[in-house]
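S.K.: Residue numbers (the numbering used here): 62 to 142.
Virtual Cβ for every residue (Gly too), placed ideally from N, Cα, C.
(1) Please identify the residue among 81, 103 and 126 whose C-alpha is closest to the C-alpha of residue 91.
(2) If we ignore side chains and look at the alpha-carbon of each, how far apart do residue 99 and residue 125 end up?
(3) Taking Cβ positions, are residue 94 and residue 84 nearer each other than 8 Å?
(4) Quick check on residue 125: does DSSP put it in helix, strand or coil?
(5) Helix, strand or coil, according to DSSP, for residue 77 in the structure here?
(6) For residue 105, I'd like the list of residues in its chain whose CB is within less than 6 Å of its CB, leaving aside the five on either flank, ordered along the chain.
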C-alpha cells in the first residue's frame, strides 16, 4: 500500500516561493513553486480530486531521451587574451 502526501512548504528564506509538493512512498512526484498558500491549496486540491490517476501518470515509465553525447573538439585551444 502506497502513502501519498500533499504538502505545502514555506520558503526557507526571504524572496523564495512556497512549494506545493506531492510525495508518494517517500519520493517527490511533483513540486510547483507558488506565490501564496491559497494558490498552493487550490493546486493541491486539483491533484487530490484525481489522485490515483495523477500518481499513475507520474510513475509511468518514460522513454529514454535519444540525445547524443557531445564529442570533444579536436585541435588546439586558443589561449589568446
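M.R.: Walking through what the data contain:
(1) 81
(2) 36 Å
(3) no
(4) coil
(5) coil
(6) 67 and 81
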